[in-house]
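These notes concern the structure reproduced below.
4 protein chains.
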Amino acid sequence: MSKLDVKKVVVAYSGGLDTSVIIPWLKENYGCEVVAFVADVGQDAHELVGIEEKAIASGASECYVVDLKDELVKDYIYPTLKTGAYYEGKYLLGTSMARPVIAKAQVEIARKVGADALAHGCTGKGNDQVRFEGAFAALAPDLKVIAPWREWDLVSREQCLDYLAARNIPCAASLTKIYSRDANAWHISTEGGVLESTWNAPNDDCWVWTTDPEKAPNEPEYVTLQVEKGEVVGVDGKKLSPYQALVVLNEKGAKHGVGRIDIVENRLVGMKSRGCYETPGGTIMMEALRSVEQLVLDKASFEFRQELGIKASHLVYDGRWFTPLCKSVMAAAQSLADDVNGEVVIKLYKGQATATQKRSPNSLYSEEFATFGADEVYDQSHAGGFIRLYSLASRIRSLNAAKK
Amino acid sequence: MSKLDVKKVVVAYSGGLDTSVIIPWLKENYGCEVVAFVADVGQDAHELVGIEEKAIASGASECYVVDLKDELVKDYIYPTLKTGAYYEGKYLLGTSMARPVIAKAQVEIARKVGADALAHGCTGKGNDQVRFEGAFAALAPDLKVIAPWREWDLVSREQCLDYLAARNIPCAASLTKIYSRDANAWHISTEGGVLESTWNAPNDDCWVWTTDPEKAPNEPEYVTLQVEKGEVVGVDGKKLSPYQALVVLNEKGAKHGVGRIDIVENRLVGMKSRGCYETPGGTIMMEALRSVEQLVLDKASFEFRQELGIKASHLVYDGRWFTPLCKSVMAAAQSLADDVNGEVVIKLYKGQATATQKRSPNSLYSEEFATFGADEVYDQSHAGGFIRLYSLASRIRSLNAAKK
Amino acid sequence: MSKLDVKKVVVAYSGGLDTSVIIPWLKENYGCEVVAFVADVGQDAHELVGIEEKAIASGASECYVVDLKDELVKDYIYPTLKTGAYYEGKYLLGTSMARPVIAKAQVEIARKVGADALAHGCTGKGNDQVRFEGAFAALAPDLKVIAPWREWDLVSREQCLDYLAARNIPCAASLTKIYSRDANAWHISTEGGVLESTWNAPNDDCWVWTTDPEKAPNEPEYVTLQVEKGEVVGVDGKKLSPYQALVVLNEKGAKHGVGRIDIVENRLVGMKSRGCYETPGGTIMMEALRSVEQLVLDKASFEFRQELGIKASHLVYDGRWFTPLCKSVMAAAQSLADDVNGEVVIKLYKGQATATQKRSPNSLYSEEFATFGADEVYDQSHAGGFIRLYSLASRIRSLNAAKK
Amino acid sequence: MSKLDVKKVVVAYSGGLDTSVIIPWLKENYGCEVVAFVADVGQDAHELVGIEEKAIASGASECYVVDLKDELVKDYIYPTLKTGAYYEGKYLLGTSMARPVIAKAQVEIARKVGADALAHGCTGKGNDQVRFEGAFAALAPDLKVIAPWREWDLVSREQCLDYLAARNIPCAASLTKIYSRDANAWHISTEGGVLESTWNAPNDDCWVWTTDPEKAPNEPEYVTLQVEKGEVVGVDGKKLSPYQALVVLNEKGAKHGVGRIDIVENRLVGMKSRGCYETPGGTIMMEALRSVEQLVLDKASFEFRQELGIKASHLVYDGRWFTPLCKSVMAAAQSLADDVNGEVVIKLYKGQATATQKRSPNSLYSEEFATFGADEVYDQSHAGGFIRLYSLASRIRSLNAAKK
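As structure tokens, then:
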């Protein structure tokens, strides 16, 4: 494949070793101007300190830092939560949900600066390349896409550091890095190192945000979440924006070791990977939302919501955010969420977030029905007819068999 | 509805207050012989002590006690576990899975004693009446079915006790009973009392089998499960039958407070109910099986297994065990389970069962792929083509839109 | 069950034998005032001639005739069509879709006249009782419901005629009626008579609206449909309302014998029934909508639309229109339909409606791609990488197996 | 990508222009021995005449012709039919089902002759490359794969003919070929030419096997199919093997213009294509199988079968035959098919195959139920209870709303 003709490229820049190499590499290999774009999605704040200077020092002509934290939680995470999506039954999609909001903002910067190309620092083995490029295809099919990791022949941190040193580009990155990590307002993921064998248990240093459940407080703590239309709108009675609610719950959850998972998952690109994810606030939110649903959704609606959750988990994981199918699934979930209003008390204790109390103005649960006495709405004699018809096909089938 | 003409009825007898009343009631109201049938599915052993004498004293002509523990675990629970079924995302179907094995054995006793009717002690508000009668419809559509709770006008424990007293039938049952419970080898459920308001947290006395996580050992314990074809076949290296494995794991799990859930669920008969369930060993088994699946199932297979789990959860909950659909779903799950072989270490700690180590001879996880270096099977340059085609429809759609 | 206390009831009145009996029967058995409600949903117009007089003559205090034709097609049929629902793969849900619009209007009349009860003339064996009462439960749970067919002991037409004669109520109904029929703007259904054995082919007189394909014109006819957002908005270039479009297409389709089906279906109440349905215009509309979807929906969206179609077919058939689940499924389908714009030419010939030409401004089909030459968007070399990753899990699995 | 090191390659050889070029091209470009493999899957018999000589003349060292007709129909088509799969609602998967049986036999030849590579003549734009290579990955991950169309720079028939002429390899292929076709025992497909615009109707010459419905006999013909366990086992009372049954029904169907479809479909590789498919016998078989299912499958089973059909349609279309997921879906379908026994009369007339009579020993349809009189199994009064419980959640929800 011959090199593309590129004049100005916007690169998703993190300030880390990889993307620091990408800036000079793009300039040298494509002879183009490079604009750095930094998405503030709630990653470790010190990563953003001095990042503009770093980008310029690496050769970028400009550097844009865009605060996407509110948008990420409000427009990407909250809609996904309504579907109840856990990828492969466990993963709360922290990295997956951040990619489309970053890619969208990156395209907007590209339009603003008149760029003709987009670049990202994802490797050729992972999901993120698909998520970025899937978003680019949907939002800016006219822009060229450069994925340096699939092109260059740098295959070690040492080579990357040498590359920068040879060009006198300062870089504080260390030669060795045990784990590969990704963090945003919602979660932090950890891969590599000891985790590379599935027969190894995670080490203590695999976990970053959350207290080890064994070292978490011996006393449980209770937190109350207010839920409206499938969204957490308040904590302990205080109205909060989605991002604020997440920050508060992250702190509470992390203290009690809530939200750790250790999973081997199927990547979209056909291989399996193993990761440790910490999603303390998100785990609390999911428990709260699912608990209100227990009160509100009828049997068939609950089942459909579960099916939507599976579908959404794949769409979001697979980088399908900006597709008609994802929009359709989200529309269905939003419709079901219209009734999901209420309040839930969550107990936090040594790694667990457990709903202990729940109520809703839309609750279909009725204390009267639950008791043994007579009531007006439910007449036990109805059950006989119900069962008879409900089992009719079984009965006929069995009578048939007997006749033979 | 006029009374059925019945000569001999087999009643599912538990030795409790309800079914003790049912025996004389059936005799008086149907003028028939009553045979008691007791299913030993692993409920509290002292419930079975002297149960035959009790049945005879209540007026039964005969009493059969049948040990169904092995059959329950092997033929009902294990197949269901392969589907990954959690009803409404949480409930491990303990009561649901026991009903078909009981009903089947009850029908066999009816055939053996030449009965023309079957009776059960389920109330008219619950799921169990549907599960029993659904099984009866499939297995013995020619036998009549009597559901005394839907017929008689006894509506309190006091009335039931008076009924027995008036007939000089001895009964040790107490006048008040706070909770309604059901237990078998797999689980114990608790309903009623404080749980009747969803805004009440469960009391300590809502939990029977499991240690309160707050009082569980401060030291974690590790247990290793051997898995073959989707079934737990050994614990800590010792080969065990399904029932034996369950007994061992129940003990370990209960000690660490594992397997408690508190759920508001949709009953099949259209109302919601709230229950606390304890499934210590089952929770460990599920964690182990799902963990091996993480290694073994590809992305699309994993998704289908999740869908099968949702379907199976409804079929089993709804009393559809003996239907062609249930058989079909189980066949699909068994097929996927053929590769589910391996070993998992589970950490038990204060209410949680967490897989920390897992391996499988069928694992699709490859350490080589997970690292950053080059490898033979996966060529990063392939990803470019993959993404291009994977996103092609998005690209075309977007280019279309731009044209307009 | 003791009789309900009813003061004023609104009965869904058709002018036929059954509902003519129901009016005096309700008055005699419930001692209440009876208001007749007639839904004009496009059934045979002569059924409506003089219907108000007939109702009054039968004893109704008032009679309301409400024109629901536009609402039926616009608000019930069109949304359902977007889902692509065919019940059990064949049935276009003609009767099912009409029930909720009728029930809703009936409730509105009940509110208007201050009635405290609703009645319908559906038998106890069919789906319609569930559809009516399901709608009543959702829209007016406070109103009592009377289903005379489940209460009275009239079991033949002769008994019904005698009942009317004894009360001097005039009725033109004949003593024998071979078939049971239901018609509205969308379809006509025929059950009974020769159809009662599935081993009988339908007779000529089983079909009412459509020409026998064998007697249909020997020359095909072509009709062009304009489609916007998943709705037929014009025919042969002429803008038409949903109902008008249906009328035009019914005429064309009927002439060519289009839209006959003969199906054995599963009723909701557990038994199977056999019916012949004629849906000439609807069949043409479905062919047109599905054809535009072929151009517009990507692979995964098309599959989801098919799944929504199955779900919707059951929800609509089962009388679940006014449920949160139905609303959610419709929201998903509407979202996908947003792109379904275009134009389709349908060939009508001897029972078939076949799309021969189709185009759409949103078409993802590209002539360039379809040809063998080189092109810009699709690079054949991409396919190698795609396949490699797409098959990666298969490859690893197989390599694993070889190692053993 | 550097050329692979190949010693002996087995190429799927058709005798057509493309694969005739591939033989010398492989020898020249890979310096390897080339073995030709011809799959007899029921394509036009004259294509096989003298094919071994042709292969040798083109440079193959050996040529194996393997008769796969019985295996194709018995082991690939029949299992798929049980799922009811129509790709995107229409396409009967003719080409898709043939690829795995061919690939499997090709791998067997490769093992037999000790080859280290496999080659096919599929283009880089189609599905077949994925199907072949997907099968190779599952069956022979150790063998190298060569896809000449993705490598060479021949882009026209003229260039291909020149290539052969320059090497004195005889070839009877014409310079121009309007349509691209694929045929086997099940179907023939036609792409290209006039079909490249979706706004063009197919020309007469787009159809090969089937009579134009307008020219088909004016008299309908009736054919009776015997069905056992979801398989057509006889026609008009004569027991036939799967392949024999297909041959007989192809002839009858083709005569009456049955089995034409014209579809725009989503290829797996992200683009849309348009094709005309003729599947006369298959269309009759599908109508027969679905008709027996109407009698035999209960409501929930029928719905699951429909879902399996959608899933299977994608798996088979996408080249996923040799995957655990496909095996699982087939296991589920086979389980449901166990009851699908019976007999169906199909009317063939001017393009249509319509079941007019059907019966089954497992039929759940009961004439008694269908009539209006009283019966033993179904008591109309049961319906009241059924509806009450069936609508309970709706009722509670609505009562809730009224309270607010």
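Here the protein sequences line up with chains A, B, C and D, keeping their order.
Count along the first sequence from 1, add 295, and you get the number used in my numbering.
Count along the second sequence from 1, add 295, and you get the number used in my numbering.
Count along the third sequence from 1, add 295, and you get the number used in my numbering.
Count along the fourth sequence from 1, add 295, and you get the number used in my numbering.
Using N, Cα and C, we set each Cβ at its ideal position, and we do this for glycine too.
Where residue 359 (chain C) falls: helix, strand or coil (DSSP): Strand.
8 Å Cβ cutoff, residue 343 (chain B) in contact with chain D: At a cut-off of 8 Å between beta carbons, residue 343 (chain B) makes no contact with chain D.
Residue 648 (chain B) versus residue 546 (chain A): straight-line alpha-carbon distance, rounded: Roughly 24 Å separates the two Cα atoms.
Beta strand (DSSP E) segment containing residue 643 (chain A), residue limits: Residues 637-644.
Length-filtered (4 minimum) alpha helix (DSSP H) runs lying within the segment 577-613 of chain C: Inside the segment 577-613 of chain C, DSSP marks whole alpha helix (DSSP H) runs of 4 or more residues at positions 594-612, from first to last along the chain.
Bounding residues of the beta strand (DSSP E) (the contiguous stretch that carries residue 649 (chain D)): Where residue 649 (chain D) is concerned, the enclosing beta strand (DSSP E) stretches over 647-654.
Sequence-distant residues of the same chain with beta carbon closer than 7 Å to residue 515 (chain B), five excluded per side: For residue 515 (chain B), where only same-chain residues beyond five positions count, the Cβ hits under 7 Å are 642, 643, 644.
Cβ pair residue 505 (chain D), residue 576 (chain D) closer than 8 Å: The beta carbons of residue 505 (chain D) and residue 576 (chain D) sit no closer together than 8 Å.
Within chain B, partners of residue 688 (chain C) - CB distance below 8 Å: Here the neighbours are 593, 594, 659.
Supposed close pair residue 612 (chain B), residue 388 (chain B) - CB separation, criterion 8 Å: Cβ-Cβ separation between residue 612 (chain B) and residue 388 (chain B): approximately 6 Å, consistent with a contact (criterion under 8 Å).
Counterpart residues of residue 517 (chain A) in DSSP-defined beta bridges: According to DSSP, which records beta bridges pairwise, residue 517 (chain A) is partnered with A:642.
Nearest-angstrom Cβ-Cβ length linking residue 458 (chain B) and residue 316 (chain B), presumed shorter than 8 Å: About 5 Å; that satisfies the 8 Å criterion.
Chain B residues whose Cβ lies nearer than 9 Å to that of residue 634 (chain D): Those are 619, listed as they occur along chain B.
One or two residues paired with residue 557 (chain B) in a DSSP bridge: Residue pairing from DSSP places residue 557 (chain B) in a beta bridge opposite B:571.
Those residues which DSSP pairs with residue 768 (chain C) across a bridge: Here chain C comprises residues numbered 296 to 699, so residue 768 (chain C) is not present and cannot be evaluated.
Interface flag, residue 434 (chain D) vs chain F, CB-CB below 8 Å: Absent from the structure: chain F. Protein chains present are A, B, C and D.
Residue-level contact to chain D via CB, residue 681 (chain C), 8 Å cutoff: It does; some Cβ of chain D falls within 8 Å.
Length of the line joining the Cα atoms of residue 464 (chain C) and residue 486 (chain C): Cα to Cα, residue 464 (chain C) sits roughly 28 Å from residue 486 (chain C).
Identity of the residues DSSP links to residue 307 (chain C) by a beta bridge: The partner list for residue 307 (chain C) (beta bridge, DSSP) reads C:332.
Neighbouring residues, chain D, relative to residue 677 (chain A) (Cβ below 8 Å): The contacting residues are 679, 680, 681, 683, 684.
Buried versus exposed call for residue 748 (chain C) [16 or more other C-beta atoms within 10 Å across all chains shown]: With chain C running from 296 to 699 in the structure shown, residue 748 (chain C) is simply not present.
Span of the beta strand (DSSP E), counted from its first residue to its last, around residue 301 (chain A): Segment: none, residue 301 (chain A) is in no beta strand (DSSP E) and carries neither H nor E.
Other residues of its chain near residue 311 (chain C): CB distance less than 6 Å, five sequence neighbours each side excluded: The answer is none, since no qualifying residue turns up.
Whole-angstrom distance between residue 529 (chain D) and residue 571 (chain C), CA atom to CA atom: C-alpha of residue 571 (chain C) to C-alpha of residue 529 (chain D): approximately 27 Å in a straight line.
Start and end residues, alpha helix (DSSP H) containing residue 526 (chain B): Careful: residue 526 (chain B) lies outside any alpha helix (DSSP H), inside the beta strand (DSSP E) at 526-530.
Residue 669 (chain D), DSSP secondary structure in three states: Any reading at residue 669 (chain D) is ruled out, since the residue's pLDDT is 48, under 50, leaving its predicted position unreliable.
Burial state of residue 668 (chain A), where buried means 16 or more other Cβ atoms lie within 10 Å: Bear in mind that the predicted position of residue 668 (chain A) carries a pLDDT of just 49, short of 50, making it too unreliable to give a figure here.
Test: residue 599 (chain B) CB closer than 8 Å to a CB of chain D: Yes, residue 599 (chain B) lies at the interface with chain D (some Cβ there is under 8 Å from its Cβ).
Nonlocal neighbours in the same chain, by C-beta distance under 7 Å from residue 524 (chain D), ignoring five residues either side: Result list for residue 524 (chain D): 632, 633, 635, 636, in chain order.
Residues that residue 492 (chain D) contacts on chain C, provided the C-beta gap is smaller than 8 Å: Close partners of residue 492 (chain D) in chain C (Cβ separation under 8 Å): 662.
Chain-ordered neighbours of residue 622 (chain A) on chain C, where CB pairs are closer than 7 Å: Simply 630.
Min CB distance residue 474 (chain D) to chain C below 8 Å: No, residue 474 (chain D) lies away from the interface with chain C (no Cβ there is under 8 Å from its Cβ).
Beta carbon proximity, residue 651 (chain B) to chain A, threshold 8 Å: With 8 Å as the cut-off, residue 651 (chain B) counts as an interface residue toward chain A.
Three or more C-beta pairs below 8 Å linking the segment 396-403 of chain B and the segment 608-627 of chain A: No, the segment 396-403 of chain B is not in contact with the segment 608-627 of chain A.
Contact between the segment 343-357 of chain B and the segment 379-393 of chain B (3+ Cβ pairs under 8 Å): At 8 Å Cβ cutoff, the stretches do not touch.
Beta-carbon proximity check, residue 477 (chain D) vs residue 484 (chain D), cutoff 8 Å: Cβ distance < 8 Å, so residue 477 (chain D) and residue 484 (chain D) count as in contact.
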